[in-house]
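Going by the working numbering, the sequence shown opens with residue 173, and the numbers climb by one from there. Contents: one structure, followed by commentary.
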Amino acid sequence: MNPLLHSCYKKIENQNFRLTPQREAVLKVLFQEKDRHLTSYDLYNKAKKICPEIGLATVYRTLELLLKLDLISDVKFDKGLTHYELRDTEDDNHHHLICKKCGQQLEIDGIIPEKLLDLISSETGFHIIDYNCLFYGYCEQCRNKTNTVNKLMAELGE
Numbered sequence: 173m174n175p176l177l178h179s180c181y182k183k184i185e186n187q188n189f190r191l192t193p194q195r196e197a198v199l200k201v202l203f204q205e206k207d208r209h210l211t212s213y214d215l216y217n218k219a220k221k222i223c224p225e226i227g228l229a230t231v232y233r234t235l236e237l238l239l240k241l242d243l244i245s246d247v248k249f250d251k252g253l254t255h256y257e258l259r260d261t262e263d264d265n266h267h268h269l270i271c272k273k274c275g276q277q278l279e280i281d282g283i284i285p286e287k288l289l290d291l292i293s294s295e296t297g298f299h300i301i302d303y304n305c306l307f308y309g310y311c312e313q314c315r316n317k318t319n320t321v322n323k324l325m326a327e328l329g330e
């Protein structure tokens with residue numbers, strides 16, 4: 173068994189929750205799709221293939237539990253839908269780059285410098301325990317398309 177999945181199972185059991193077939197199915201889907209961000213409905217459709225008796229309400233309750241146990245992260249992208257992903261570690265900080273034109277989502281690893289977190293805390297009095305950053309802009313492909321269109325328009329004298 174994969175060590176990440178095994179540690180998730182153990183954390184659930186160590187917190188005195190049962191590892192039901194439904195919870196196991198949701199975790200398996202999150203693991204299988206760990207390079208993607210899935211909505212609750214995406215998770216439901218994929219988990220149903222593993223555990224046909226799972227219901228959408230069970231998926232929601234499982235997601236709430238997994239969030240509470242800090243096993244998954246949630247993030248809202250442009251359209252307001254919450255997407256979920258399995259956390260690799262307790263301090264799994266990565267950030268998302270989202271193209272405003274095509275919607276492409278990229279992940280970048282990295283930690284925000286401690287000095288910046290300290291500055292935010294001292295300025296606001298807010299004790300930061302976790303963070304998730306979304307950066308919006310335009311991907312290289314969309315920028316190249318825009319530049320090409322702009323060049324053509326300039327050449328045509330418009």
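Think of the CB as a built atom: it goes at the ideal place given N, C-alpha and C, for glycine as much as any other residue. Keep in mind it's a predicted model, so treat the numbers as computed, not measured.
Inset, instruction - Measure the C-alpha to C-alpha separation of residue 305 and residue 321 and round it to an integer number of angstroms. - result: Within the sequence shown, numbered from 1, the residue matching residue 305 stands at position 133. Within the sequence shown, numbered from 1, the residue matching residue 321 stands at position 149. Residue 305 and residue 321: Cα-Cα distance of roughly 31 angstroms.
Inset, instruction - Excluding the 5 residues preceding and the 5 following residue 300 in the sequence, name in chain order all residues of the same chain whose CB lies nearer than 7 angstroms to its CB. - result: Your numbering for residue 300 matches position 128 in the sequence shown. Answer for residue 300: 289, 292, 293, listed in chain order.
Legend entry - C-beta contact flag for residue 258 and residue 203 at 8 angstroms: Mapped onto the sequence shown, residue 258 falls at position 86. Mapped onto the sequence shown, residue 203 falls at position 31. Result yes, Cβ atoms of residue 258 and residue 203 sit closer than 8 angstroms.
Legend entry - Pairwise C-alpha distance: residue 286 and residue 243: Residue mapping note: residue 243 aligns to position 71 of the sequence shown, counting from 1. Residue mapping note: residue 286 aligns to position 114 of the sequence shown, counting from 1. Computed Cα separation, rounded: 23 angstroms.
Inset, instruction - Answer yes if the region 176–189 comes into contact with the region 215–227, meaning at least three C-beta pairs across the two stretches below 8 angstroms, and no otherwise. - result: no
Legend entry - residue 190 to residue 196 span [Cα, whole Å]: Indexing the sequence shown from 1 puts residue 190 at position 18. Indexing the sequence shown from 1 puts residue 196 at position 24. Roughly 10 angstroms between the two C-alpha positions.
Inset, instruction - Answer yes or no: do residue 282 and residue 267 have a C-beta to C-beta separation smaller than 8 angstroms? - result: The sequence position of residue 282 within the sequence shown is 110, counting from 1. The sequence position of residue 267 within the sequence shown is 95, counting from 1. In contact: residue 282 and residue 267 (Cβ atoms closer than 8 angstroms).
Legend entry - Own chain partners of residue 278 with C-beta closer than 6 angstroms, once the 5 adjacent residues on each side are dropped: Here the question's residue 278 lines up with position 106 in the sequence shown. So the qualifying residues of the chain are 269.
Inset, instruction - Leaving aside the five residues before and after residue 314 along the sequence, list all residues of the same chain whose C-beta is less than 7 angstroms from its C-beta, in chain order. - result: Residue 314 sits at position 142 when you count from the first residue of the sequence shown. These residues qualify, in order along the chain: 271, 273, 274.
Inset, instruction - Hey, could you find the ends of the beta strand (DSSP E) residue 270 is sitting in? - result: Within the sequence shown, residue 270 is the residue found at index 98, counting from 1. Residues 266–271.
Legend entry - the ligand MN heavy atom lying under 7 angstroms from the CB of residue 207: The ligand MN is not part of this structure, which contains no ligands at all.
Legend entry - Under the three-state DSSP convention, the category residue 258 falls into: Reading the sequence shown from its first residue, position 86 is the one you call residue 258. DSSP places residue 258 in strand when its eight states are reduced to three.
Inset, instruction - Can you grab the Cα-Cα spacing for the pair residue 247 / residue 325, in whole Å? - result: Sequence index remark: in the sequence shown, residue 247 carries index 75 (1-based). Sequence index remark: in the sequence shown, residue 325 carries index 153 (1-based). For residue 247 and residue 325, the distance between alpha carbons rounds to 38 angstroms.
Inset, instruction - Could you check the C-alpha separation between residue 227 and residue 216 for me, to the nearest Å? - result: By 1-based counting over the sequence shown, the position of residue 227 is 55. By 1-based counting over the sequence shown, the position of residue 216 is 44. Each residue's Cα considered, the two are about 7 angstroms apart.
Inset, instruction - Determine the direct distance from the alpha carbon of residue 201 to that of residue 302, and round the result to whole angstroms. - result: As a first step, residue 302 must be located in the sequence shown, where it is residue number 130. As a first step, residue 201 must be located in the sequence shown, where it is residue number 29. Cα to Cα, residue 302 sits roughly 24 angstroms from residue 201.
Inset, instruction - With DSSP as the reference, label residue 176 as helix, strand or coil. - result: Counted from its first residue, the sequence shown places residue 176 at position 4. In the structure shown, residue 176 sits in a helix (DSSP, three-state: H, G or I).
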